[in-house]
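Counted from 1, the sequence shown has number 46 at position 44 by my numbering; the numbering is strictly sequential. Working notes, beginning with the structure itself.
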Amino acid sequence: LMVGSGLGAENGILIRRGEAIQRLQEVTTIVFDKTGTLTKGTPEVTDFVTFNSTDKQGLLKKVSAVENLSEHPLSRAITNYSNAQNGVDVKKFKSYTGMGVKGEVKDDIVLAGNRALLEKYSIEINSEVIQWVSELENEGKTTIYMVVNNSIEGIVAIKDTLKDDSIEAIKDIKQMGFKTVMLTGDQKGVAKAIASQLQMTDYFAEVKPDEKEAKIKELQKKGEVVAMVGDGINDAPALSSADVGIALGTGTDIAIESGSIILINGELKGVLKAITLSRATMKKIRQNLFWAFIYNIVMIPAAIVGWMHPVLAEVAMAMSSISVVSNSKTLQKKKLGK
Numbered sequence: 003l004m005v006g007s008g009l010g011a012e013n014g015i016l017i018r019r020g021e022a023i024q025r026l027q028e029v030t031t032i033v034f035d036k037t038g039t040l041t042k043g044t045p046e047v048t049d050f051v052t053f054n055s056t057d058k059q060g061l062l063k064k065v066s067a068v069e070n071l072s073e074h075p076l077s078r079a080i081t082n083y084s085n086a087q088n089g090v091d092v093k094k095f096k097s098y099t100g101m102g103v104k105g106e107v108k109d110d111i112v113l114a115g116n117r118a119l120l121e122k123y124s125i126e127i128n129s130e131v132i133q134w135v136s137e138l139e140n141e142g143k144t145t146i147y148m149v150v151n152n153s154i155e156g157i158v159a160i161k162d163t164l165k166d167d168s169i170e171a172i173k174d175i176k177q178m179g180f181k182t183v184m185l186t187g188d189q190k191g192v193a194k195a196i197a198s199q200l201q202m203t204d205y206f207a208e209v210k211p212d213e214k215e216a217k218i219k220e221l222q223k224k225g226e227v228v229a230m231v232g233d234g235i236n237d238a239p240a241l242s243s244a245d246v247g248i249a250l251g252t253g254t255d256i257a258i259e260s261g262s263i264i265l266i267n268g269e270l271k272g273v274l275k276a277i278t279l280s281r282a283t284m285k286k287i288r289q290n291l292f293w294a295f296i297y298n299i300v301m302i303p304a305a306i307v308g309w310m311h312p313v314l315a316e317v318a319m320a321m322s323s324i325s326v327v328s329n330s331k332t333l334q335k336k337k338l339g340k
């Protein structure tokens, strides 16, 4: 375990809990958070569509003002898209976890969020809006409804691109025999499009932050040994509940603290390296158990019948330790991947 942990550190894998090495080689399912884990985590606005509003910039200004009070990556994408969000007074701001935001700008009540937020405020979605949203989601884009005084005035589409190594990493992990699952709070259409790019057949969409842990436990109840890979604050409970929590070192401090294995550089290839490290380490442990016992198995019967000299017993004990240490040291030469 000491040599394996050292080898992991040399390859950007920090083992915070030794039992994680053993548990990882027993994993059957690996669950991936989407935003910031499979994707780059820097979403950008790609489309801005208005319906009833003739003042396109005015609508964007109102929504940006409300979104500017939120720290969510999607909110940051909207405020970055608009340069007019500063200096606008927002009253009665509210943020709804996993849904969106609400605020009063001048005399207007402004909502910006997903379908769940609209349902909360009983706002109807007409066929034109539904058609636009469907088309954008099928392109893998997240849609945010822009509502002013209970009327959908527009939608903004946001896309977060996959990390450069995501497709290859998922492909290699599947080839190693693991079941892969994506976990996201995004709409079903977006989740389906991203999963299709990654060739992942299993995914959970529209999962609220407080529901991620429940999804992990749901898989565990089905008999799966689950590893969770995540990077955000919302992933922390799921990382703690998983049999093995793998946190990206480029993520939040609370996620890192919740993980039992940390991928320092945040690359998904690190998951493959961690699996290879786990298998190699456990193989050495089994070999060491053989060397630890073989001398006793051979020498104890000899001692019983009176053939064992005390000097030979001392040599056998020493050789047992030397064999174990020497075999463990060979683990340092193991190549964990590219």
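The beta-carbon is built from N, C-alpha and C at its ideal position, and this holds for glycine as well. Source: prediction; values computed, not measured.
If we ignore side chains and look at the alpha-carbon of each, how far apart do residue i and residue j end up?
i      : j      : result
THR81  : GLN201 : 32 Å
ASP167 : ILE175 : 12 Å
ILE172 : SER325 : 38 Å
LYS286 : LEU333 : 7 Å
GLY105 : ASN70  : 11 Å
VAL317 : LEU338 : 35 Å
LYS58  : LYS42  : 29 Å
GLY247 : ASN54  : 47 Å
THR37  : ASP188 : 9 Å
PHE34  : THR182 : 8 Å
LYS329 : THR254 : Lys is not the amino acid found at residue 329; the sequence shown has Asn there. Roughly 38 Å between the two C-alpha positions.
LYS108 : LEU62  : 14 Å
GLY225 : GLU28  : 12 Å
GLN87  : ASP110 : Because the pLDDT at GLN87 is just 48, under 50, the model does not fix this residue reliably, and the value given afterwards should be weighed accordingly. Straight-line Cα distance between these residues: approximately 15 Å.
ILE23  : ILE125 : 50 Å
GLY179 : ASP233 : 24 Å
SER262 : SER242 : 8 Å
ILE32  : LEU119 : 30 Å
MET301 : ALA11  : 39 Å
MET284 : ALA216 : 30 Å
ASN85  : MET184 : 34 Å
ASP49  : PRO211 : 26 Å
PHE95  : TYR83  : 21 Å
GLY268 : ASP245 : 20 Å
ILE296 : ILE266 : 39 Å
LYS93  : VAL65  : 13 Å
ILE299 : LYS223 : 41 Å
LYS122 : SER136 : 21 Å
In or out: residue i buried (at least 16 other Cβ within 10 Å) or exposed?
i      : result
GLY6   : buried
MET312 : The amino acid at residue 312 is misidentified as Met; the sequence shows Pro. With fewer than 16 other Cβ atoms within 10 Å, it is exposed.
LEU1   : For the chain, the structure presents residues 3 to 340; residue 1 sits outside this window and is missing.
PRO239 : buried
THR203 : exposed
MET230 : buried
ILE314 : According to the sequence provided, residue 314 is Leu. The question's Ile does not apply to it. Its Cβ having fewer than 16 others within 10 Å, LEU314 is exposed.
GLY115 : buried
SER153 : exposed
ASP237 : buried
ILE306 : exposed
ASN13  : buried
ALA67  : buried
ILE218 : buried
ASP162 : buried
If I measure Cβ to Cβ from residue i and keep anything under 7 Å in the same chain, skipping five residues before and after, which residues do I get?
i      : result
ILE264 : LEU16, ARG18, ALA249, GLY251 and ILE258
GLU130 : PHE53
ALA207 : THR186, ASP188, GLN189, LYS190 and ALA193
LYS336 : LEU9 and ALA282
TRP293 : SER322, SER325, VAL326 and ASN329
LEU138 : ASP49, THR145 and ALA159
VAL51  : TRP134, GLY156 and ILE157
THR277 : First, the residue type needs correcting, since residue 277 is Ile and not Thr in the sequence shown. Cβ within range, chain order: LEU26 and MET178.
GLN289 : ASN329
Under the assumption that residue i contacts residue j (Cβ atoms under 8 Å), give the Cβ distance between them as a whole number of angstroms.
i      : j      : result
GLY102 : LEU113 : 7 Å
MET148 : ILE160 : That belief does not hold up - the Cβ atoms of MET148 and ILE160 are roughly 12 Å apart, past 8 Å.
THR30  : VAL227 : 5 Å
SER322 : LEU26  : Contact flag wrong, Cβ pair sits at about 28 Å.
Within the same chain, show all residues whose beta-carbon is closer than 6 Å to that of residue i, passing over the 5 residues directly before and after it, in chain order.
i      : result
SER72  : SER97 and VAL103
PRO75  : PRO45
LYS271 : ASP167 and ALA171
LEU3   : GLY20
VAL150 : ASP110 and VAL112
GLU141 : none
GLU213 : none
Closer than 8 Å by C-beta to residue i: which residues in its own chain qualify, once you throw out the five before and the five after it? Chain order, please.
i      : result
LEU164 : LEU40, THR41, LYS42, ILE196, GLN199 and LEU200
ARG117 : ILE127, TYR147 and GLN189
SER260 : ASP237, ALA238, PRO239, LEU241, SER242, GLY247 and ALA249
VAL47  : ALA79, ILE80, ASN82, TYR83, VAL158, ALA159 and ILE160
LEU221 : THR31, VAL33, VAL183 and VAL228
Taking only beta-carbon atoms, is residue i less than 9 Å away from chain C?
i      : result
LYS190 : Here chain C cannot be found, since the structure has a single protein chain.
- Item | Continuous beta strand (DSSP E) assignments of at least 3 residues falling wholly in the segment 270-296 | none
- Task: Run through the segment 117-176 for me and flag every whole alpha helix (DSSP H) of 4 or more residues, listed as ranges in chain order.
- Result: 117-122 and 129-140
- Hey, which unbroken runs of the alpha helix (DSSP H) at 4 residues or more fall wholly within the segment 231-258? 238-243
- Task: Go through the segment 26-86 residue by residue and report every complete run of the beta strand (DSSP E) that reaches 3 residues or more, in order.
- Result: 31-35 and 46-52
- Let me know the beta strand (DSSP E) ranges lying completely inside the segment 186-226, each 3 residues or longer, listed in chain order. 204-206
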